[in-house]
Amino acid sequence: MFEEKKAAWLEKAESCRPALHTETVRPVSGMPQKALRENDSIVLDFGNHFVGKLTLRLRSKGSHPDAPAWLQFKFCENSRELNETLEGYRGWISRGWVQQEQVHVDVLPAMLSLPRRYAFRYVRIDVLALSSKYSLVIEDAFAETTTSADDSRVESLPGEEWEKAIDRTALRTLRSCMQDVFEDGPKRDRRLWLGDLRLQALANSVTYRSFGLVKRCLYLFACAADSEGRIPACLFTEPQVEGDDTYMFDYSLFFIPTLLQYAQATGDRETAEDLLPLALHQLTLAEKQFDPATQLIQDSDRMGWCFVDWKLGLNKQCCAQAIWIYCAQAALRLREDPALAALIEARKAAMLAHWYDRERHLFVSGRDRQISHASQIWAILAGVVTGEEACACLDAAAACPDALGMVTPYMMHHYVEALCLSGRREAARQVIRDYWGAMVRSGADTFWELFNPADPNESPYGSPIVNSYCHAWSCTPTWFLRSGVLEKNA
Ligand code: RAM
């Protein structure tokens, strides 16, 4: 399906390929004052988060080197990574993502340029071996960094110090993720993910305003749809554009609100019309998951069938239904459709009838009628409950000790949005201050993929060594702070 359109879509995507701005940066501290010996270790601090490639100018001191210099490099986004080791790593995603390198330098002097691109603030260099006849001098160290974000487009944010600090960190996060596409994390994955794109596009709309990049990403997803027209959760751009064989119920549907948001921000009706049939097709594909008798979505045990959050054990059924409603409402704003409008109402009613405990003001999810913050939040974002009732749900979840919590800034974004939608703007502001502020207070230059204040070692992958500390979906405080949604009457 849509195959005949793909060549033109790819051309449009390529015509919006952004220029990469490059900058040469040098460490602000950590350059060794004396020649290094075997087993020495240094940490270069570049003073902020960057994405780029490292070069060192090296020479020897003493006798002519009679053995290679054997060096180990560790690129760290966050200082906690400086002392982490791969030993004993049993996580379920590849250790290949860990930003470590070992290099033998046979001839000195040398310009040593590492070929890979890294995301880092710190570079730890361990001298694994020299010989007793010479020592190693690092004469210069610099990185050629890249981003497609244009800093000159962003105005400084007025406001309190804490707001500025959070905004700065959010901007840095988005900036580092803005490369040839909106990457989800420049350390790990480095791909275009739909859930992340949706939030990056929001933040971009009030900051770098790189709408061509959003358009490019929408078209890339269109090209990556499979033979049934299903949009994958993420895609690769190298060696050529190809969808990943990972599909998530929510991520495919999020193509619709992403397209709507782009059309609203730019007024580009042509792109909206061009991609609308594919967007609406995601709703058609989602139909097979609904039970027509009850209008409820069927649950699934397949891990990742619907993402929502990295909270392990979270039942997604209630959220999935709410996300369908949310996305179908976005579709209505792109094109009127009375039949779809009726179906949305039926599915809202079904949620209230089957999954809403009116006495406790709580939505439940799945066979075990699980209570989670996520279910309440998505029910609010879908408009299934509003106003006072929405506030009651949030309060009930907060008062319920067994309610499953949230672990990603991605889910926390939705929480803050739900607070704004229920009129609790002060509370929304406070969550930003507490949650994202806690990352800033612990030294973050960019916001993280996952942050559970109750367990700083939490990782969805089995070890924090593969966590990403500059992750696109965490950049939205800048949108909250700049768009006016936190203000009254917004
Ligand atoms: C992780 C990625 C990405 C996210 C998916 C669902 O693998 O970091 O950002 O969208 O999960």
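Residues 118 to 607, numbered by our numbering, are exactly what the sequence shown covers, in order. Backbone N, C-alpha and C fix where the C-beta goes; we use that ideal spot for every residue, glycine too. Quick caveat: nothing in here was measured; it's all calculated off a predicted structure.
Nearest to Trp596 by alpha-carbon distance, out of Leu449, Ser482, Ser322, is Ser322.
With respect to the 8 Å criterion, Leu173 and Leu225 are not classified as neighbours on the basis of their beta carbons. Unbroken beta strand (DSSP E) runs of no fewer than 3 residues, entirely contained in the segment 215-292, are found at 217-222, 227-230, 235-246, 251-264, following chain order. Nearest to Ala236 by alpha-carbon distance, out of Ser576, Arg599, Pro570, Thr563, is Thr563. Burial check for Val145: the Cβ neighbour count within 10 Å stays below 16, so the residue is exposed.
Residue nearest to Ala258 within the set Val222, Lys170, Gly208, Cys340 is Lys170 (criterion: CA-CA distance). In the DSSP annotation of this structure, the continuous segment of the alpha helix (DSSP H) that includes Cys340 starts and ends at 328-341.
Across the structure, Lys191 and Val244 are spaced so that their CA atoms are roughly 12 Å apart. When the five nearest sequence neighbours on each side are left out, the beta carbons in the same chain lying within less than 6 Å of the beta carbon of Glu280 are those of Leu598, in order along the chain. With fewer than 16 other beta carbons inside 10 angstroms of its own, Met420 counts as exposed. Looking from the CA of Cys340, the closest CA among Pro303, Thr354, Ala437 belongs to Thr354. The segment 541-560 and the segment 453-467 do not touch, with fewer than 3 CB-CB distances between them shorter than 8 Å. Between Met528 and Ala491, the C-beta spacing is below 8 Å.
If you draw a straight line from the Cα of Asn584 to the Cα of Asp306, it is about 10 Å long. Assigned with DSSP and collapsed to three states, Tyr586 falls in coil, not helix or strand. The Cβ-Cβ distance between Ala260 and Val142 falls below 8 Å. DSSP, reduced to helix, strand and coil, places Ile210 outside both helices and strands of the structure shown, so it counts as coil.
Of the heavy atoms belonging to the ligand RAM, at least one sits nearer than 7 Å to the Cβ of Gly312. Straight-line spacing of the CA atoms in Trp126 and Leu337 works out to 8 Å.
Ranked by how close their Cα comes to the Cα of Gln296, the residues Arg134, Glu505, Leu538 have Arg134 in first place. DSSP places Asp385 in the coil class of the three-state scheme, outside both helix and strand. Less than 8 Å divides the Cβ of Trp495 from the Cβ of Cys436. Distance check between Ser180 and each of Ser489, Leu253, Ile442, Ala445 places Leu253 closest, using alpha-carbon atoms only. At the C-beta level, Phe407 and Ile414 come within 8 Å of one another. If you check the C-beta of Glu390 against the ligand RAM, you find no heavy atom less than 7 Å away. For Asp426, the shortest C-beta to heavy atom distance toward the ligand RAM is 7 Å or greater. Taken atom to atom, the span from the alpha-carbon of Asp367 to that of Ala266 is near 28 Å.
Arg234 is a Cβ neighbour of Val168, given a cutoff of 8 Å. Restricting attention to Met148, Thr363, Leu395, the CA atom closest to the CA of Gly346 is found in Leu395. At least one heavy atom of the ligand RAM lies less than 7 Å from the C-beta of Glu566. Lys178: member of the beta strand (DSSP E) spanning 158-179, first to last residue. Relative to the Cα of Phe568, the nearest Cα in the group Ser600, Val524, Arg542 belongs to Val524. Judged by DSSP in its simplified three-state form, Ala561 adopts coil rather than helix or strand.
For Gly302, the distance from the CB to the nearest heavy atom of the ligand RAM is below 7 Å. The Cβ atoms of Val298 and Tyr239 do not sit closer than 8 Å to each other. Under the three-state reduction of DSSP output, Cys351 falls in the strand class.
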